[in-house]
Every structure is written in C-alpha cells, then in structure tokens.
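The block underneath contains the structure these notes are about, expressed in structure tokens.
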Amino acid sequence: MSAVLPLFPLPPVADGSVVHLQLKPAKGMVEPVEALTAEGGRGFVGDYSFGKRRRQASFCAVQELDDLGYGAGILRENVTVDLPGLQELPKGTRILAGGVEFEIESDMAPCGGMARRLGEPVGDFVRKTSRRRGMLLKVVGSGTIRVGDPVYILRGE
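Each residue of the sequence shown is one higher than the one before, counting from 459 in the numbering used here.
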C-alpha cells in the first residue's frame, strides 16, 4: 500500500497530531488500537464501516471531547486528534494524518442512539454535542496511521 501524497509541500510544522485511534470491529463496539490500516476509497481495514461509500472514517478533536467531558472513543470516532478548529473546517477539506489522506464529508451529527448508549437524555445530548461531535471523512489514500503521527490540513497554493 502506498500513501497518496499531496502535490504541494507540507508546512514545516504540523497543524496537530493523532492522540488516540479506535477500531469499530462491529456495530456498537470500539477498541483502542495503536495503528489503523487505511485503504483509499474503502476505509479502515477491519472496521465496521469498511467498504462503505460514505462515513469511512470519523475524526474528533480532543479539545471538543475535553470540553464535553468525554474520553477518546466514547463518541465512537476512529481518530482522536489534537487539532484545534477541526469542527470549523469546510466540506471538501483534505487532511493528511500520518501518510494517509482524508477528505471531510460532513459534520458528525449527534443521534439519539448515542445518547441512549451513554445514558443521557436525547435532547440534552443533541444540544450539547451539536457541531462538536466530530467530522465524517472519506479515505482518499492508503497507508497506516499511528498514534503520535502528525496531522496537516492540506491547503492548496
């Protein structure tokens, strides 16, 4: 597998870093891992969402999790990043984490099912996590992403 590398140089300093990784081997399950293997256009190998056209990966910023009082993986994100401003990035933004390129599809909307799993009132959970639960992304490149890898927001020239 080879990573899709950007056509322009990366800045000398990363925008953030990967702080936790989670694999979802089945619906409702989350397992912390040290690395995830990505296949472009398919998702993370072994993940419940692997092979789907949409929702191949999910990122959440540790800053949002801290503000909400949740730990990594509680909101079932694949990749927890130290990346302030993740939620403000527009659809179509490309992100390089480790050697793997991703493209933001949408905000990960809060849902009643997640609220019930957490034992929280649905309305309260939806209000609290709206525009703060993370982002859904498609996997553009193939490769391995590891805890500690740098994260870059790819900006065209």
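The beta carbon of each residue, even a glycine, is placed where N, CA and C say it ideally should be.
Whole-angstrom distance between residue j and residue i, CA atom to CA atom
| i | j | result |
| --- | --- | --- |
| G570 | V598 | 30 Å |
| E615 | V558 | Because the pLDDT of E615 is 45, which lies under 50, any placement of that residue in the model is unreliable, and the number read from its coordinates should be weighed accordingly. If I take the Cα positions, the gap works out to 20 Å. |
| A472 | G543 | 14 Å |
| G499 | R512 | 9 Å |
| T606 | V476 | Before going on, a small fix: residue 606 reads as Gly here, not Thr. Answer to the nearest angstrom: the Cα atoms are 5 Å apart. |
| F508 | G501 | 5 Å |
| L481 | A530 | 12 Å |
| K485 | R613 | 34 Å |
Three-state secondary structure (DSSP) of residue i
| i | result |
| --- | --- |
| K549 | coil |
| F496 | Checking the displayed sequence, the identity of residue 496 turns out to be Ala instead of Phe. DSSP places A496 in strand when its eight states are reduced to three. |
| A573 | helix |
| D607 | coil |
| F583 | helix |
| D565 | strand |
| L541 | coil |
| V520 | helix |
| L533 | coil |
Rounded Cβ spacing between residue i and residue j (contact assumed at less than 8 Å)
| i | j | result |
| --- | --- | --- |
| V520 | T538 | 6 Å |
| E563 | K596 | 6 Å |
Any chain B beta carbon closer than 8 Å to residue i
| i | result |
| --- | --- |
| R604 | Of the protein chains in this structure there is only one, and it is not chain B. |
With 16 other Cβ atoms within 10 Å as the buried cut-off, status of residue i
| i | result |
| --- | --- |
| K510 | exposed |
| E546 | exposed |
Host alpha helix (DSSP H) of residue i (start-end)
| i | result |
| --- | --- |
| K596 | Taken as a continuous stretch (DSSP letters only), K596 belongs to no alpha helix (DSSP H), being part of the beta strand (DSSP E) at 593–597. |
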